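When we follow the working numbering, the leftmost residue of the sequence shown carries the number 5, and every step to the right adds one. Ideal Cβ positions, reconstructed from N, Cα and C, are used throughout, including at glycine. A quick note: this is a predicted structure, and the numbers were derived from the prediction, not measured. A short write-up of the structure that comes next.
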Amino acid sequence: MLVIWLAVLLVTLYFLYSYITRVKYNCPGPSNWPVFGCLFQFETNRLHFSFDRWAMKFGPIILCKIASTNVYVISSTRLIKKAFAEKEYSDVLNDRPDTFFAKYIMDDSKGVIFGNYGPTFIRLRKIMYKGLKMYGEGVEQFESIANKELDQLTKSISDLGGKDFDPKPFLSRSLANLIGILLTGSIVDESDADLIWKYNNYVNEIFDMSTDAILYAFPFLRFMPVEVGRKYRRLMEAKKELLAKFFFLHKETYVPGCERGLIDALFNLQSRETSVGDTNWLTDSQIKAFIQDIIDAGLITTRNFLLCILLVLLHHHECVDRMYEEIVEVVGLERSPSLKDRPAMPYTEALILEALRYNTHSPLGVPHGAMEDVELEEYKIPKGSMLITNMWTAHHDPAIWGDPWVFRPDHFLDDNGELLSPEHTLRQSLVTFGAGKRVCVGENLAKSRIFLYMTTLIQKFDFLLPIGGTVPSDDPHDFLPGAVLRPHDYMMRLKVR
5 MLVIWLAVLL
15 VTLYFLYSYI
25 TRVKYNCPGP
35 SNWPVFGCLF
45 QFETNRLHFS
55 FDRWAMKFGP
65 IILCKIASTN
75 VYVISSTRLI
85 KKAFAEKEYS
95 DVLNDRPDTF
105 FAKYIMDDSK
115 GVIFGNYGPT
125 FIRLRKIMYK
135 GLKMYGEGVE
145 QFESIANKEL
155 DQLTKSISDL
165 GGKDFDPKPF
175 LSRSLANLIG
185 ILLTGSIVDE
195 SDADLIWKYN
205 NYVNEIFDMS
215 TDAILYAFPF
225 LRFMPVEVGR
235 KYRRLMEAKK
245 ELLAKFFFLH
255 KETYVPGCER
265 GLIDALFNLQ
275 SRETSVGDTN
285 WLTDSQIKAF
295 IQDIIDAGLI
305 TTRNFLLCIL
315 LVLLHHHECV
325 DRMYEEIVEV
335 VGLERSPSLK
345 DRPAMPYTEA
355 LILEALRYNT
365 HSPLGVPHGA
375 MEDVELEEYK
385 IPKGSMLITN
395 MWTAHHDPAI
405 WGDPWVFRPD
415 HFLDDNGELL
425 SPEHTLRQSL
435 VTFGAGKRVC
445 VGENLAKSRI
455 FLYMTTLIQK
465 FDFLLPIGGT
475 VPSDDPHDFL
485 PGAVLRPHDY
495 MMRLKVR
């Protein structure tokens, strides 16, 4: 009898707590348990599925409590842009909240991606933007480096003689080389490429929002013999190895005034700042976080996207043919595609935009934090709340896209086959790289790499199914979970044209 009464009491407390929370913050959402919030209602490793289901039920803004943290999930591109790009809100909603990843992996929110908004963040962001060099002469320098790497990639694929192959290791090594050149001035050897990807894969495991939420609510679990604890310890060991190679060893061989790559440029800047007595902002910890930022954001997102789009094109060979026709018309077959060709290639641009929308391989944005109390629409968002952009739902809203689960590059083309203007509603409804002051610094770099990789591969090769004739589903619902989604491993053939 006592057990029954205790159960009744717990259920009563559960509904009472959930009701009080809803009334206090005037925002709909799933029910919450005391202490745990809605942790037990998440779909493990597929939090975007849960948010999508709740958005369909409760609307474009929902409140979930994760332990003691108020988490507001925004699932509308209109509201995402309003919250993070309009000055009335962006001045108070562009901080970073407390998360497990920021505290324990990024050393109390160091770096650009997880740094709190303020003077140090602004200075670091300018350095990163300059370091990525996607403007002026930097574009030509990047293109020259990328083309050399693509020559090596296409040669390696040609040497296969049209046999079935798994594209993942080829893309992994090629992209690791580009990151190596950016950071150190030279391509990486095989062991360093393996180290980079080991670290990246572990980041993808633990930065998944559901895993981060559990560890944030119960940080002692990082020491326990449970899976989330093992994930944390694997990542910390990989981080230690990564920084030993790309920070400590690089610093030992650093020659003042020389710049082999971005890391040396940071050391030079640090030296200049120190010489004038400014030792507080570009610390060794910030440089380490800077290196992690570049590797975290610059690799797995692009590789997994390329794996997604290659798989989609195996399912839609008519898109390959149409893109090849445009390449022949604009570029020809005698020279390599150039970033200067992009304005004259509307179908290729539309195909890339559609792949970013359809796959939404990063379904949830990096969390934002409220620096002050604010009212968004009719909802009260208190200081210290976390806000999450639910791009998965926003990019598949049938009210905007009509047929959101159909891969159709024509979504981004007008009746004359021209690319929709950036101001068009559909272009404005694509928020892959975020919005406002926290928009991804590497957006131009990512889009440029994708354009060069895709146009080069399609110019040189025809895309064919493997000998067995089957590949996995290209439906993003079926992709492997993580902070960045990717399809199941597959084989393909690339036949030299």
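In this chain, the beta strand (DSSP E) harbouring residue 467 covers 465 to 468. Residue burial is scored here from C-beta neighbours: residue 296 has at least 16 other C-beta atoms within 10 angstroms and is therefore classed as buried.
Counting the other Cβ atoms within 10 Å of the Cβ of residue 394 gives 16 or more, which makes it buried.
Cβ neighbours of residue 411 within its own chain (closer than 7 Å, five residues either side excluded): 316, 320, 358, 362.
For residue 384, the secondary structure class from DSSP, reduced to helix, strand or coil, is strand. Residue 336 and residue 311 have their C-alpha atoms spaced approximately 25 Å apart.
Taking 9 Å as the cut-off, the beta carbon of residue 65 is found no closer than this to the beta carbon of residue 266. Secondary structure at residue 258: coil, using DSSP grouped into helix, strand and coil.
Boundaries for residue 205: no beta strand (DSSP E) harbours it, while the alpha helix (DSSP H) harbouring it runs 194 to 210, taken from the DSSP string. Scanning its chain for C-beta atoms nearer than 7 Å, with the 5 sequence neighbours on each side dropped, one finds around residue 304 the residues 204, 208, 488, in chain order. Across the set 34, 73, 84, the C-alpha of 84 shows the shortest separation from the C-alpha of residue 368. In this structure, DSSP gives residue 373 an extended state, which the three-state scheme calls strand.
Assignment of alpha helix (DSSP H) within the stretch 69 to 152, counting only whole runs of 4 or more residues, yields 81 to 89, 91 to 94, 123 to 136 in chain order.
A Cβ-Cβ separation of about 4 Å places residue 36 in contact with residue 69 under the 8 Å criterion. Taken atom to atom, the span from the alpha-carbon of residue 427 to that of residue 240 is near 43 Å. Sorting 168, 175, 166 by C-alpha distance to the C-alpha of residue 155 places 175 at the top. Contact fails between the stretch 142 to 151 and the stretch 221 to 233, because fewer than three Cβ pairs, one in each stretch, are under 8 Å apart. Residue 188 sits in a helix when the DSSP states are folded into three classes.
Scanning the stretch 258 to 334 for uninterrupted alpha helix (DSSP H) segments of 4 residues or longer gives 266 to 279, 288 to 302, 304 to 319, 321 to 334, listed from N- to C-terminal end. Under the three-state reduction of DSSP, residue 393 is assigned to strand. Residue pairing by DSSP puts residue 41 in a beta bridge opposite 37, 70.
Contact check for residue 128 against residue 294 passes: the beta carbons are separated by less than 9 Å. Contact between residue 184 and residue 190 is confirmed by a C-beta separation of about 6 Å, below the 8 Å threshold. Taking 8 Å as the upper bound for CB-CB distance, residue 76 and residue 31 are in contact here, some 7 Å apart. When DSSP states are grouped into helix, strand and coil, residue 497 belongs to the strand group. Short of 7 Å from the beta carbon of residue 287, and not among the five residues preceding or following it, lies no beta carbon of its own chain. In the three-state scheme derived from DSSP, where H, G and I count as helix and E and B as strand, residue 378 is classed as strand.
Across the set 414, 259, 206, the C-alpha of 414 shows the shortest separation from the C-alpha of residue 322. When beta bridges are read from the DSSP output, residue 490 appears opposite 484. For the pair of segments examined, the stretch 333 to 353 was found to touch the stretch 447 to 456: the number of CB pairs separated by less than 8 Å reaches three. Residue pairing by DSSP leaves residue 454 without any beta bridge partner. With respect to the C-alpha of residue 182, the residue from 473, 197, 53 having the closest C-alpha is 197. Cβ neighbours of residue 104 within its own chain (closer than 7 Å, five residues either side excluded): 216, 219, 220, 223.
With respect to residue 501, residue 479 sits apart: the two C-beta atoms are not nearer than 9 Å. If you ignore the 5 residues before and after residue 81, its C-beta comes within less than 6 Å of the C-beta of 398, 433, 435, all in its own chain and listed in chain order. In this structure, the beta-carbon distance from residue 372 to residue 100 falls below 9 Å.
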